[in-house]
Structure formats: structure tokens, C-alpha cells
Amino acid sequence: MKTPLAIKFALCLCILASVMLSNGLLAQDTQQGHKAESPTLTVASKSFTESVILAELLRQLAVDSGSASEHISQLGGTRIVWNALLAGEIDAYVDYSGTLQQEILQLSGSTSWDALAEGLAEYGVRISRPLGFNNTYALGMPQELAKSLGLERISQLREHPDVVMGFSNEFMDRPDGWPGVRMNYQLPQQSVTGLDHDLAYRALQSGDIQLTDLYSTDAEVDYYQLQVLDDDEHFFPPYQALIVYRADVENRFPEVLTAWKQLTGHIDATQMSQMNAQVKIHGKGEAQVASTFLQAQLGITSMAQGIAKPSALSEVARYTWDHLQLVLVSLFMAIVVAIPLGIFAAKNASIGRGILALSSVLQTIPSLALFVVLIPLLGIGAAPAIAALFLYSLLPIVRNTHSGLTQIPQHLQDSSRALGLSPGYRLRRIELPLALPTIIAGIQTAAVINVGTATLAALVGAGGYGQPILTGIRLDDFGLILQGAAPAALMAVAVQGGFQWLGGRLTAKH
Amino acid sequence: MNSSRSSVTTALYQLHEVGQRFGQHQVLQSINLTVNSGATCVLLGPSGCGKTTLLRLLAGLEAPTSGRIDFRQQTLPTSNEALRQYRQSLGYVIQEGGLFPHLNGWQNLALPAQYAGWSEDQTHARIEHLQQLMQLPAGLLQRHPGQISGGQRQRLALMRALMLDPEVLLMDEPLGALDPMIRYELQQELKALFQQLNKTVVLVTHDLPEAAWFAHHIVLLRDGHITQQGQLNEFVEQPADAFVEQFIQAQRGIALGDSA
Numbered sequence: 001m002k003t004p005l006a007i008k009f010a011l012c013l014c015i016l017a018s019v020m021l022s023n024g025l026l027a028q029d030t031q032q033g034h035k036a037e038s039p040t041l042t043v044a045s046k047s048f049t050e051s052v053i054l055a056e057l058l059r060q061l062a063v064d065s066g067s068a069s070e071h072i073s074q075l076g077g078t079r080i081v082w083n084a085l086l087a088g089e090i091d092a093y094v095d096y097s098g099t100l101q102q103e104i105l106q107l108s109g110s111t112s113w114d115a116l117a118e119g120l121a122e123y124g125v126r127i128s129r130p131l132g133f134n135n136t137y138a139l140g141m142p143q144e145l146a147k148s149l150g151l152e153r154i155s156q157l158r159e160h161p162d163v164v165m166g167f168s169n170e171f172m173d174r175p176d177g178w179p180g181v182r183m184n185y186q187l188p189q190q191s192v193t194g195l196d197h198d199l200a201y202r203a204l205q206s207g208d209i210q211l212t213d214l215y216s217t218d219a220e221v222d223y224y225q226l227q228v229l230d231d232d233e234h235f236f237p238p239y240q241a242l243i244v245y246r247a248d249v250e251n252r253f254p255e256v257l258t259a260w261k262q263l264t265g266h267i268d269a270t271q272m273s274q275m276n277a278q279v280k281i282h283g284k285g286e287a288q289v290a291s292t293f294l295q296a297q298l299g300i301t302s303m304a305q306g307i308a309k310p311s312a313l314s315e316v317a318r319y320t321w322d323h324l325q326l327v328l329v330s331l332f333m334a335i336v337v338a339i340p341l342g343i344f345a346a347k348n349a350s351i352g353r354g355i356l357a358l359s360s361v362l363q364t365i366p367s368l369a370l371f372v373v374l375i376p377l378l379g380i381g382a383a384p385a386i387a388a389l390f391l392y393s394l395l396p397i398v399r400n401t402h403s404g405l406t407q408i409p410q411h412l413q414d415s416s417r418a419l420g421l422s423p424g425y426r427l428r429r430i431e432l433p434l435a436l437p438t439i440i441a442g443i444q445t446a447a448v449i450n451v452g453t454a455t456l457a458a459l460v461g462a463g464g465y466g467q468p469i470l471t472g473i474r475l476d477d478f479g480l481i482l483q484g485a486a487p488a489a490l491m492a493v494a495v496q497g498g499f500q501w502l503g504g505r506l507t508a509k510h
Numbered sequence: 511m512n513s514s515r516s517s518v519t520t521a522l523y524q525l526h527e528v529g530q531r532f533g534q535h536q537v538l539q540s541i542n543l544t545v546n547s548g549a550t551c552v553l554l555g556p557s558g559c560g561k562t563t564l565l566r567l568l569a570g571l572e573a574p575t576s577g578r579i580d581f582r583q584q585t586l587p588t589s590n591e592a593l594r595q596y597r598q599s600l601g602y603v604i605q606e607g608g609l610f611p612h613l614n615g616w617q618n619l620a621l622p623a624q625y626a627g628w629s630e631d632q633t634h635a636r637i638e639h640l641q642q643l644m645q646l647p648a649g650l651l652q653r654h655p656g657q658i659s660g661g662q663r664q665r666l667a668l669m670r671a672l673m674l675d676p677e678v679l680l681m682d683e684p685l686g687a688l689d690p691m692i693r694y695e696l697q698q699e700l701k702a703l704f705q706q707l708n709k710t711v712v713l714v715t716h717d718l719p720e721a722a723w724f725a726h727h728i729v730l731l732r733d734g735h736i737t738q739q740g741q742l743n744e745f746v747e748q749p750a751d752a753f754v755e756q757f758i759q760a761q762r763g764i765a766l767g768d769s770a
């Protein structure tokens, strides 16, 4: 009997999804409850090592000054962290003056600290005095190559149009990145590829690219023996690191702010570069590196780092649970919305075209862009990730429901109408069961895509298999990448297989 | 038998100047036709002549773009609710059978009864009765349409059409997909059945011998209009035009043997 099987399956999905939903909601409730009683200061970092170390410094200092503090690590980029800050999801993070000036305030020319502070105050955001080091953008290439080409300054690139360039994706798009450099220096290079910053060093080493953007405190500059080209026309603005925090931190955590003041002017470029190297090259944990720094420089013995690292197995189990939760909850919501939408689209041809077009458009929105839009509405964590996955799941299910219903052979449609059955009865007893295999195939597509896309959820702090992948890429740790990538692939295969089995059961006797 | 009903000839369907066009294409034109209660009317003609469209109009699956179709002296309804009620007094059988592949035989048969709100006992009794009438082995009802032969499928389709004991059977090439032996067998059975149950039947075919076997009244269509209608002997003795003559000749030559 087929219908009961489909119903059983739907029921299982329902129960699982609702358990997860209520779990998530409960968890959120208790979190908020906590916030009311004993406030927790939330710091965040972007997905590069320096940012993670700096946020770890902030967290440990906060804990040391007597406040509960958590660190949401490696969020997807400036916009995501900034939106989370404005939404009150996080309280503080470390950013750079140049980034704040160009990307957030969109001011051009050189801007003083006061101008920056004034501009940010309009958003209810404060900044600390600079921490000390200037992590500006720079362009670098292997020393040997630079020597053989006689390259020392950026302006000299004009005479070398064939240099193969590969820039981090952020640098490619930012006005203070490649577009600005190119205009300012009148550079002729046309073919430029975008790639992840951490992969760029490998690409330099293997010769796939010859020049990339660097941060001047990158641990790799020395390690890979890179020549930093002189910014002889002073294009790059200063990138002074400073603490960016919500204005209400002053009232909520005054003692934390006092503790953080000890950092200002106390981290120079060499120290930062060394801390980066400790993590990236010597494989130490960010928390440990941060606490070592605090002890050596400020004489603070932090008690905040003493969390034992859980075993890899329990880590994978936690990632799996997070990942499953993201996939199943979003899939369940998509099924609930998309099937009625698909039915509606099949029954109303003109509106149906609109629905299909709209869900196709949703599919084309890049996930990072979607996250940026969703964070002001939903904050960070599982909610925006589930919302994005939900939106991406709509198209395959709507489309397959629509085509499953509209492709029912004419003679079957005629016979069911000729039996004098009402539209609702026809839909329930004949059309939906006939379209079910196609609909299941749509759900399968959505589920498999979801398992893959959910790895990006780590960019908004939702955890899942993306977490070890992100960290692995950042630290160039292939084992860590595998910890996320392998189970994600297995889950995709299992989902695919499960749905195929179900589809097969449903059509066995047709 | 049934003399009380067949002695009084009443018109069940009356078509007045019925036409149907799809966009630029005039599929049917000026159709004037009467189908008598209890009679078998056969719509005959080459493929593309409009006979299937005419049957779909009678089933209320499409509304004519011009003219009027009366069923028991009343114009066919246009509202969905009234149309559904009307369709429940029809049995509709098509070449492909129109059985639902996701339901087994029994479920296919029970569907219209369940929708009509019959009790389970009533449904069981009716299916058993039809099973004996159509001589279909009981075990077959547990199988899905894809698992039984073409002839069995058409028996099942006819059983479903008869389920609510409709007044009219509308059949579109019901035997068209069957091999000759099964087809012959079913032709014999169906004709007996139509008489026994005193059903009004409108049957579409392109096969003259089949038309001749079933029909009280033959309607020959060509390019969307009626070329000639009446008894078979009228077609033979007084063909309306050269096309009728050719159509009769062609099929007599093959199927009936040359009578000359």
C-alpha cells in the first residue's frame, strides 16, 4: 500500500522537524532568559585567523574582568558581522579603520579617528583607540620572481601586464581593493581571478598565480618568502585595528571596557604577525595564543581558556546534529509551503508562471547576499541559515509539484473529470498520488542541495559541517576540512538514496 | 424484454447546430444529431474528423463554442456543480482505459462509489455483481492496471463506468488497442450487455464493421461535419457523396469481403 507509506514518511518528517524546531526555540528562550538575569557579552570574529585571535583576546579580558562572555567565531564577512552588531546579536568585534571608513561609512580620502568615531556614533556604535598595529592591504609576490622581474613597487606593475593575479574575493570587489588599485595606478592587467585568501598562498607556491593581496600582518609573508610591493603612491588607507562595540556596552559592561583599554596601543605589527604565525604555522589554538599574549604582555593569567577540547568524534556528532537540524527544519518548512504553492501554480496557469519565476529568482541570490539581508531580520545563528535554506528549497519542490500535476496524461485527467469528482477529491485521490513520485524527486533535489548549502551556514554562526570546513580552510588543515566535508558528502548520498528508495516504493506497481 | 422502455422512443440527446473551434481551427461545424434513449449511436469517421471532440462535448468535458446540446430536453449545464452531477449519470470509457495506475482494480472500481457516499457493503455487492457480469476473475482486482492485460483493463474500465449504473455510456474507441481475438470477444459481450442493461450508448470508432455490429444509428463525420447519418444499409444504397462511397468501399473491401 503506497499512500500509508507516504503518510508515514511525512509524519516522521513532521515529528522530527517539530522536535527540532521546538528544541531550537526552547534553546533560544533559555538563552534570552539568561541574558536577562546574568548578562553575557557576545564577541564575534570574521573568518580569518587574526580576527579570531583578537576576538579571543576580547573574550578572555571580559571573562577576566568578571563578565560572562561568548565568542561566535568566523562569521562570513564584514557585512554579516556589522549587521549582527546593529541587530544586537553581538556586542563587539575588532575591525580596521580603513574597512570601517570605506565599507561601512563609505567615506573617501583620509579620515581621522574622530571623524570615524563620529560617523559610527550615528549607528549607536563606538570604537576604541587603535590597538597599535596597522594591518593594511599590500600586494605581494614570491621574492625570487619579484627579483627576476625587478619589481619592488606597485607602480612598476604597469610595465608587466602579463603578471598573473589572484585576489581574495573581498579584495576583488571592494572599492579600496583591486578596482581602486587598478584605477589609481593605471594598471593594464585584465585577467584576474578571485579565490579564498588562505588558498592564495598555496596558489602562489604552486605558480598558478604570481601576485596576490596580503595583509601586512599575515603570518605567511615571512613563511612563504614573499616580497611586499611598496605602495609608492599611498593608495591603501591605514587599517588600524580597533575594537568596535555597541554604545550600550558602556552601561552594561563598564568593567569590560576598562579591561579592553589595556589592549589599545599594545599590539604592534610584529606581535600580531607572531600570534598569527603561532596559530597558522605552528598549529596552536587561538584561545591559547591569546592567553599566552595576555600573560606575557599584560601579566594577566586568564582563566577563560581552560575548556578541554572535545574529542573529534563528539565534535562530528555535534556538527551532524546541527547540520541535520538546519537541513530538516528548512526542508520541512519548504515542503509545507512549496507543495500548496505548486498546486496553486498548476491550477492557475498565469499566476503559476509568476510563482515559478519568483522561486527561480530566489534560487539565484548568492547565499552570502541572502545572509546579509536576513541578519537584520533574524539575527545570526540557525534562524537566518534555515530561512535561506528554506528559500532555496522552494524552487525544486514548487517546480516538481507543478510539473507532476500538469504532466498527468490527458486521458487520466479526462477520466477523473468524467467520473464527476469534485476538484478537491480529484486532487487528493488522483492527482497528488499520481504526481507524488515527481514531488518526492523535487524534495530529494531540495534535500541534497540543502545538505551542501548548509555548510555555508557556519558563515552566520549556525554551526554544522561548515564549521570545521571553514576553520580547516583558514588554518590550511586538510584533516579538519575532511571532518566536515566527508560526513556532508555521506549525508548527501544517504539522503539521495533514501529518497530514491521511497520513490521506488511508490512507483513499484504503476 | 424491456419492451416497455424501448417501445416508446424518446430523444435523450439533441444537438442543434453545434460547433467547436480551438483558436483558428474549426473542429466541429453545424452538428445536428439526435440520440435516442436505449439506442446505440456510433460516431464513425477517419482520424481527425472530430468524433472524439463530439464525444467530449457530450461528456461535458468541453463546452461547445456555438449551438446547443440538450440532454433530456434541457441544455447541458455550465456550472461546475451541475456538470459534476450530470457526469455522474454517465459512464465514460476511452481507448487507454482511463484507469488510475496508482490504484488497484478494486480501488479503481470503488472510487466513484466512495465519492457518491455508498456504504462499504453496497460497494462490495455492486463490484461483485459487475464482476460476474463482466466475467472478470476476482483475483485480478487486487492487481494494478499495469499488471493486467489490455482486454482485462478494458473490462475493468467498463465495470468502473457501470459502477453507479449510469443511464448513458460514452465510449471512445474502447476496443481500439486490443488484438483482434480479444476485440471480437468483447464486441460480442458488449452488444449483449448493452441490450441486457438497456443503456444508451454513444460509441466512437473508425472501424466500419464495428460500427455496423453495434449501431442502431451511424453518424459519419468528415472534417468536422456530418456527411451522412442513418442505418448501415442507407450508407450502402444511397451514399450521400463520393467520400461516403469510398469510405464504405474501402472498409468493406478489407473487412467484409467483396460482395460483388
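Chain order of the listed sequences is A and B. According to the numbering used here, the first sequence is numbered sequentially starting from 1. According to the numbering used here, the second sequence is numbered sequentially starting from 511. C-beta: ideal position from N, C-alpha, C; glycine also. Quick caveat, the model's predicted, so the values are computed rather than measured.
I need the DSSP call for residue 26 of chain A, collapsed to helix, strand or coil.
Note that residue 26 of chain A scores a pLDDT of 44, beneath 50, so its modelled location is shaky; the value from the coordinates is reported in the next line. Here residue 26 of chain A sits in helix by DSSP.
Local conformation of residue 133 of chain A per DSSP, three classes:
coil
Assign residue 535 of chain B to one of two classes, buried (16 or more other C-beta atoms within 10 Å of its C-beta) or exposed (fewer than that).
Residue 535 of chain B is classed as exposed because its beta carbon has fewer than 16 other beta carbons within 10 Å across all chains shown.
Thinking just about the alpha-carbon of each residue, which of B:623, B:698, B:650 is nearest to the one in residue 672 of chain B?
The residue with the shortest Cα to Cα distance from residue 672 of chain B is B:623.
Is residue 46 of chain A helix, strand or coil when you go by DSSP?
Residue 46 of chain A: strand per DSSP, three-state reduction.
Spell out the partners DSSP gives residue 141 of chain A in its beta bridges.
In DSSP, residue 141 of chain A forms a bridge with A:227.
May I ask you to report which of helix, strand or coil DSSP gives residue 511 of chain A?
The structure shown does not extend to residue 511 of chain A, since chain A spans only 1 to 510, so no value can be given for it.
In whole angstroms, what separates the C-alpha of residue 362 of chain A from that of residue 457 of chain A?
17 Å
Can you give me the C-alpha to C-alpha distance between residue 121 of chain A and residue 268 of chain A, rounded to a whole angstrom?
Rounded to whole angstroms, the gap between the alpha carbons of residue 121 of chain A and residue 268 of chain A is 27 Å.
Any contact between the segment 725-744 of chain B and the segment 552-560 of chain B? By contact I mean 3 or more CB pairs, one from each, below 8 Å.
Output reads yes: the segment 552-560 of chain B touches the segment 725-744 of chain B.
Using Cβ-Cβ distances below 9 Å, what residues of the segment 589-615 of chain B are close to chain A?
590, 591, 593, 594, 595, 596, 597, 598, 599, 600, 601, 602, 603, 604, 605, 606, 607, 608, 609, 610, 611, 612, 613, 614
Any beta carbon of chain B sitting closer than 9 Å to that of residue 540 of chain A?
Because chain A here runs from 1 to 510, residue 540 of chain A falls outside it and cannot be looked at.
Beta-carbon neighbours of residue 430 of chain A, restricted to chain B and to distances below 7 Å
Residues of chain B passing the Cβ test: 610.
Find out if the Cβ-Cβ distance for the pair residue 663 of chain B, residue 600 of chain B is shorter than 9 Å.
no
Which runs of the beta strand (DSSP E) fall wholly inside the segment 147-194 of chain A and span at least 3 residues, in chain order?
165-168
Residue 97 of chain A beta carbon less than 9 Å from that of residue 78 of chain A
no
Going by beta carbon distance, what residues of the same chain come within less than 6 Å of residue 25 of chain A, once the five residues before and after it are set aside?
Model confidence at residue 25 of chain A stands at a pLDDT of 49, short of 50, so the residue's coordinates are unreliable and nothing is read from them.
Assigned secondary structure, residue 79 of chain A (DSSP; H/G/I helix, E/B strand, else coil):
helix
Counting only beta-carbon atoms, is residue 433 of chain A nearer than 9 Å to chain B?
yes
In the structure shown, what three-state DSSP assignment does residue 240 of chain A receive?
strand
For residue 226 of chain A, which residues of its own chain have a beta-carbon under 8 Å away from its beta-carbon, when the five flanking residues on both sides are left out?
140, 141, 142, 143, 204, 214, 220
Is the separation between the beta-carbon of residue 418 of chain A and that of residue 707 of chain B shorter than 9 Å?
no
Specify, as a first and last residue, the run of the beta strand (DSSP E) that residue 681 of chain B falls within.
678-682
Per DSSP, the bridge partner or partners of residue 96 of chain A:
A:241
Measuring straight from C-alpha to C-alpha, what distance separates residue 208 of chain A and residue 278 of chain A?
Spanning the two alpha carbons is a distance of roughly 27 Å.
Which of helix, strand or coil does DSSP assign to residue 407 of chain A?
Here residue 407 of chain A sits in coil by DSSP.
Measure from the C-beta of residue 349 of chain A to each C-beta in chain B and report whether the shortest distance is under 9 Å.
no
Under 7 Å (Cβ pairs) to chain A, residues found in the segment 558-575 of chain B:
569, 571
Closest Cβ-Cβ distance between residue 403 of chain A and chain B: below 9 Å?
It does not; no Cβ of chain B falls within 9 Å.
Identify whether residue 507 of chain A lies in helix, strand or coil by the three-state DSSP scheme.
DSSP places residue 507 of chain A in the helix class (H, G or I) of the three-state scheme.
Applying the criterion that 16 or more other CB atoms from any shown protein chain within 10 Å of the CB defines a buried residue, is residue 542 of chain B buried or exposed?
exposed
Could you tell me which whole alpha helix (DSSP H) segments of length 4 or greater appear in the segment 439-500 of chain A?
466-475
Name, going along the chain, the residues of the segment 316-337 of chain A whose beta-carbon falls closer than 7 Å to a beta-carbon of chain B.
none
Using a Cβ-Cβ cut-off of 9 Å, state whether residue 441 of chain A counts as contacting chain B.
no
Can you list, in chain order, the residues of its chain whose CB lies under 6 Å from that of residue 504 of chain A, leaving out five sequence neighbours each side?
The beta carbon of residue 504 of chain A sits closer than 6 Å to none of the beta carbons in its chain outside the five residues before and after it.
Give a yes or no on whether 9 Å exceeds the smallest Cβ distance from residue 670 of chain B to chain A.
yes
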